[in-house]
Amino acid sequence: MTDRKIWRDGEFIAWQDATVHVLAQSLQRGSLAFDYISVHETRRGTAIFRLRDHVERLATTCRIVGLPLAYAVDELIEGCAETVRRNPGAKSIKISALMPSIEAELIPENPHVAVFIAAYDSDRDLAAPNTERRRRRREAVSLKIEREKSGRREDVIPPHAKVAANYTAAMTAKWRARDEGFDDIVLLDEHGNVTEGPTANLFMVDSDGVLATPPASKVLLGITRDSVIALAPAIGRSCVERDIAVEELSTASEVLLSGTSAGVWPVVRIDGRAVGKGCTGPVTTLFRETYQAVVRGGLPQYDHWLHYV
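Per my numbering, residue 6 is the first one in the sequence shown, and the count goes up by one each step.
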């Protein structure tokens with residue numbers, strides 16, 4: 006059992022005590038809002054990457070789904086920083102806002118929102134990580150294109166909301182892909198255009214050499230996605246946000262994914278066919294190396310993205 010401490014509504018408790026009842030409103034209704042943040046070791050010490058942006062996104066999610074968050078953004082930023090200080094060696098933060106009350110109705114009588122902040126190393130602290138799969142994912146990914154109609158619509162719960170209920174369809178789709186031997190899946194919108202992966206944003210270098218990504222209205226506004234777009238000029242690229250027809254993936258010279266867990270990583274096969282030359286391409290390599298330099302404090306012009314603790 007890990008000796009980590011978890012921040013719960015301003016107090017630190019033991020890892021094993023960070024629990025809610027099985028009938029808690031957020032557990033039963035899927036109304037838990039959360040955000041996932043990376044922690045890095047730099048020459049100046051431990052730093053949290055784009056902490057304010059992540060906490061502001063959590064606050065936005067709470068507003069979208071109607072969770073009355075009682076904490077200001079600055080309070081939660083300090084809570085995250087202190088949690089990292091209390092948990093040396095942490096590589097990730099997960100901050101969760103949820104309604105712990107036991108409720109019979111859809112709309113809770115007790116709307117209190119509890120906030121939990123955990124800082125940990127997933128390889129050390131989480132149960133039975135599939136280290137081989139995670140290693141392979143960082144090196145090269147095989148994707149399946151979603152064919153089953155899922156009925157996702159951005160006018161119901163917008164993809165910008167990082168809330169538990171938004172992940173059910175994506176989880177089901179990814180399970181199907183795994184059962185068929187793929188690492189992950191490309192999700193489509195109601196018109197059949199490319200959107201994103203279950204937990205990652207997607208970019209491609211199209212047949213004309215242009216870097217493109219699906220429009221913001223169709224996807225989770227990933228912090229790493231935003232970082233890739235902002236870093237593009239530094240490697241001599243620009244990024245176009247536009248609808249991407251699924252057929253375009255078959256002619257792309259490179260496809261890459263971005264997300265907090267692994268940064269930037271390549272897609273080498275889609276539906277069993279090689280992407281480009283079937284290996285990590287030069288654009289993906291440049292983005293990956295530049296991103297890693299940023300999070301490790303190696304590019305001072307992006308130091309404002311690092312919250313040192």
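Beta carbons: idealized from backbone N, C-alpha and C, even for Gly. On a predicted model such as this, the values are computed, not experimentally measured, just so you know.
With a threshold of 8 Å on Cβ separation, who are the neighbours of threonine 7 within its own chain once the five nearest residues in sequence on each side are excluded? As a working note, residue 7 is residue 2 in the sequence shown. For threonine 7, where only same-chain residues beyond five positions count, the Cβ hits under 8 Å are Trp20, Tyr125, Arg129 and Asp130.
What are the partner residues of threonine 88, as DSSP defines its beta bridges? The residue given as residue 88 occupies position 83 in the sequence shown. Beta-bridge pairing links threonine 88 to no other residue.
In three-state terms, what does DSSP make of serine 36? For the purposes of this step, residue 36 is taken as residue 31 along the sequence shown, with counting starting at 1. Serine 36: coil per DSSP, three-state reduction.
Limits of the beta strand (DSSP E) - the one that tryptophan 270 falls within: As a working note, residue 270 is residue 265 in the sequence shown. Tryptophan 270 -> beta strand (DSSP E) spans 268-275.
Under a Cβ-count criterion, where at least 16 other Cβ atoms within 10 Å of its own Cβ denotes burial, should tryptophan 12 be classed as buried or exposed? Stepping through the sequence shown from its first residue, residue 12 is reached at position 7. Buried is the call here.
Please confirm whether glutamate 246 and valine 199 have their CB atoms less than 9 Å apart. Sequence index remark: in the sequence shown, residue 246 carries index 241 (1-based). Sequence index remark: in the sequence shown, residue 199 carries index 194 (1-based). Result no, Cβ atoms of glutamate 246 and valine 199 do not sit closer than 9 Å.
Run the CB neighbour count on histidine 59, radius 10 Å, all protein chains shown included, and call it buried at 16 or more, exposed below. Here residue 59 refers to the residue found at position 54 when the sequence shown is read from its first residue. It counts as buried.
Check the C-beta distance from leucine 63 over to valine 118 and give it rounded, since I have them as a contact under 8 Å. On the sequence shown, position 58 is the one that residue 63 refers to. On the sequence shown, position 113 is the one that residue 118 refers to. The pair is not a contact, with the Cβ atoms about 11 Å apart (cut-off 8 Å).
Apply the 10 Å Cβ neighbour rule to tryptophan 180 and answer buried if 16 or more other Cβ atoms are within range, or exposed otherwise. Within the sequence shown, residue 180 is the residue found at index 175, counting from 1. Exposed.
Tell me which same chain residues have a C-beta within less than 7 Å of the C-beta of glutamate 201, skipping the five on either side of it? Position 196 of the sequence shown holds residue 201. Same-chain partners within the cutoff: Leu192, Leu207, Pro219, Val224 and Leu225.
Which of helix, strand or coil does DSSP assign to cysteine 67? To locate residue 67, count along the sequence shown from 1; it is residue 62. Helix at cysteine 67.
Would you kindly work out how many angstroms separate the C-alpha atoms of lysine 149 and aspartate 184, rounded to a whole number? Position 144 of the sequence shown, counted from the first residue, corresponds to residue 149. Position 179 of the sequence shown, counted from the first residue, corresponds to residue 184. Spanning the two alpha carbons is a distance of roughly 11 Å.
DSSP has serine 101 in a bridge; who is on the other side? As a first step, residue 101 is located in the sequence shown; it is residue number 96 there, counting from the start. Beta-bridge pairing links serine 101 to Phe39 and Phe121.
The beta strand (DSSP E) with isoleucine 5 in it runs from where to where? The requested residue 5 is not part of the displayed model; the chain covers only 6 to 314.
According to the neighbour-count rule (16 or more other Cβ atoms, all chains shown, within 10 Å of its Cβ), is histidine 196 buried or exposed? For the purposes of this step, residue 196 is identified with residue 191 of the sequence shown, where counting begins at 1. Histidine 196 comes out exposed.
Enumerate in chain order the residues of its own chain whose CB-to-CB distance from isoleucine 107 is below 7 Å, with the five nearest sequence positions on each side excluded. Here residue 107 refers to the residue found at position 102 of the sequence shown. Here the set comprises His26, Leu28 and Ala29.
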